[in-house]
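Peer 1: Just so you know, we're using this note's numbering here: the sequence shown kicks off at 196 and counts up by one.
C-beta atoms are modelled at their ideal positions from N, C-alpha and C, and glycine is treated no differently.
Computed from a predicted model, the values in this text were never measured in an experiment.
Sharing a structure here in structure tokens format.
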Amino acid sequence: MEEKELKAYREAGKIAVEVRDWSKNLIKEGTRLFDIAEKIEKKITDLGGGIAFTVNICINDITAHYTPKFNDESVIGENDIVTIDLGVHVDGYIADTAYTIDLSGRYEKMLSANREALDKAIDLVKPNVSVSEIGKTVQKTLKDAGFKPIENLTGHEVKQYDLHAGISIPNIEVPYKWKIKEGMVLAIEPFATDGYGRVIESKQAEIFSLQRIKPTRMREARMLLSEVEKRRKLPFAERWFCKRINPIKLSLILRDLVSNEILNAHPILHEKGKGMVSQFEHTMIVTEDGCEVITR
196 MEEKELKAYR EAGKIAVEVR DWSKNLIKEG TRLFDIAEKI EKKITDLGGG
246 IAFTVNICIN DITAHYTPKF NDESVIGEND IVTIDLGVHV DGYIADTAYT
296 IDLSGRYEKM LSANREALDK AIDLVKPNVS VSEIGKTVQK TLKDAGFKPI
346 ENLTGHEVKQ YDLHAGISIP NIEVPYKWKI KEGMVLAIEP FATDGYGRVI
396 ESKQAEIFSL QRIKPTRMRE ARMLLSEVEK RRKLPFAERW FCKRINPIKL
446 SLILRDLVSN EILNAHPILH EKGKGMVSQF EHTMIVTEDG CEVITR
């Protein structure tokens, strides 16, 4: 890895850590999810970072891909489990990190097991280690504590302007034999649940990303795409454009761009058995004999 890339990853990690730790004070009963998302994203840019993806705020059995709508009045409840997943980039080099807070106080055992699973997974990271070995360790750690991993969600390799690139890092033992290599940048993210152990898609999507560039006739669509193309493959939120395009028209434009395979939609994911879900995540650079975690 070139020195400029390493410097960018480390700077992205430094910003991500500061924002993550600062954001924990926002997670309080009665706080609007919209306000949390907007404040976290503003904090990232105030510190000189780019928003690698719109902040995900997942409550209880909602597992991934929830970000507030522009008119979202949802608030955090007294006994909610709240997960914040945020990403920072510097020149496209990404640091991805997540944490869960249990306001009910009833799921601390699950959160503790989830943190332990992540720590044990990180301890295994070095060149030539099989990703299946990491998944096996996560699975056993959670199972021994009485919980399940989300088996159809994985960690991922990241590359410049590409959040999900290259290999996946499973949360269960798998048959494929991908191995970790020096210089890879990995985001490892175990999800723990007391439910079924799988996620299912809802029909709602508030997060989108560019699939391919194609011409379009609508003026507002061209304006939107001119902004999206600057982000390359990095995801964005529908609410980001609601001040410039009428929200009703924006929704129609986005759905049209998805149907024409210009944009990807990323539907909200729920735990199949309506179980509670937690998530912890770090990003790391694989070194000669281990890894450098840039989000600790």
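By the 10 Å Cβ neighbour count, where 16 or more other Cβ atoms means buried, how is Asn251 classified, buried or exposed?
Peer 2: buried
Peer 1: Take Ile296 and list the residues in its own chain whose beta-carbon comes closer than 6 Å to its own, dropping the five residues that flank it on each side.
Peer 2: Ile222 and Val277
Peer 1: If you follow the alpha helix (DSSP H) that Gln334 is part of, which residue opens it and which one closes it?
Peer 2: Val326 to Asp339
Peer 1: Threshold first: 3 residues or longer. Then list the beta strand (DSSP E) segments lying entirely within the stretch 227-266, N to C.
Peer 2: 245-254 and 257-259
Peer 1: From Val324 to Thr332, what distance separates their C-alpha atoms?
Peer 2: 12 Å
Peer 1: If we count the other Cβ atoms within 10 Å of its Cβ and call it buried at 16 or more, is Tyr371 buried or exposed?
Peer 2: exposed
Peer 1: Count Cβ pairs between the stretch 466-483 and the stretch 297-305 that sit closer than 8 Å; are there 3 or more?
Peer 2: yes
Peer 1: Please classify Asn255: is it buried, with 16 or more other beta-carbons within 10 angstroms of its beta-carbon, or exposed?
Peer 2: buried
Peer 1: Roughly how many angstroms separate the alpha carbons of Ser218 and Ile463, rounded to a whole number?
Peer 2: 22 Å
Peer 1: Specify the secondary structure class of Met479 as computed by DSSP and reduced to three states.
Peer 2: strand
Peer 1: Restricting to Cα atoms, I'd like to know which of Arg407, Arg412, Leu381 and Cys253 is closest to Asn459.
Peer 2: Arg407
Peer 1: Note down, in chain order, each residue of its chain lying with its Cβ closer than 7 Å to the Cβ of Phe248, except the 5 sequence neighbours on either side.
Peer 2: Excluding the 5 residues flanking it on each side, Phe248 has same chain C-beta neighbours closer than 7 Å at Gly282, Leu358, Leu429 and Pro430, in chain order.
Peer 1: Considering only residues of the same chain and omitting the five flanking positions on each side of Lys467, which have a CB-CB separation below 6 Å?
Peer 2: Tyr391, Arg393 and Ile395
Peer 1: Could you check whether the stretch 376-387 touches the stretch 442-458, counting it as contact only if at least three pairs of C-beta atoms, one from each stretch, sit closer than 8 Å?
Peer 2: no
Peer 1: When DSSP labels each residue in this structure, what does Lys321 get in the three-state scheme?
Peer 2: coil
Peer 1: Does the beta-carbon of Thr240 have 16 or more other beta-carbons within 10 angstroms, so that it is buried, or is it exposed?
Peer 2: exposed
Peer 1: Is His260 close to chain D? Criterion is C-beta to C-beta, closer than 8 Å.
Peer 2: In the displayed structure, chain D is absent; only one protein chain is listed.
Peer 1: If you count every other CB in all the chains shown that lies within 10 Å of the CB of Ile489, and 16 or more means buried, which is it?
Peer 2: buried
Peer 1: Since Glu328 and Leu319 are thought to touch, with beta carbons under 8 Å apart, how far apart are those beta carbons, to the nearest angstrom?
Peer 2: 6 Å
Peer 1: On the three-state DSSP scale, how would you describe Glu213?
Peer 2: helix
Peer 1: For Ala290, tell me which candidate among Asp280, Arg439 and Ile271 has the shortest Cα-Cα distance.
Peer 2: Asp280
Peer 1: Relative to the alpha-carbon of Ala211, which residue among Asp286, Ile235 and Ala316 has its alpha-carbon at the smallest distance?
Peer 2: Measuring from the Cα of Ala211, the nearest candidate turns out to be Ile235.
Peer 1: With distance defined between alpha-carbon atoms, name the residue in Arg227, Ala387 and Glu206 nearest to Leu313.
Peer 2: Residue Ala387 is the option with its Cα nearest to Leu313.
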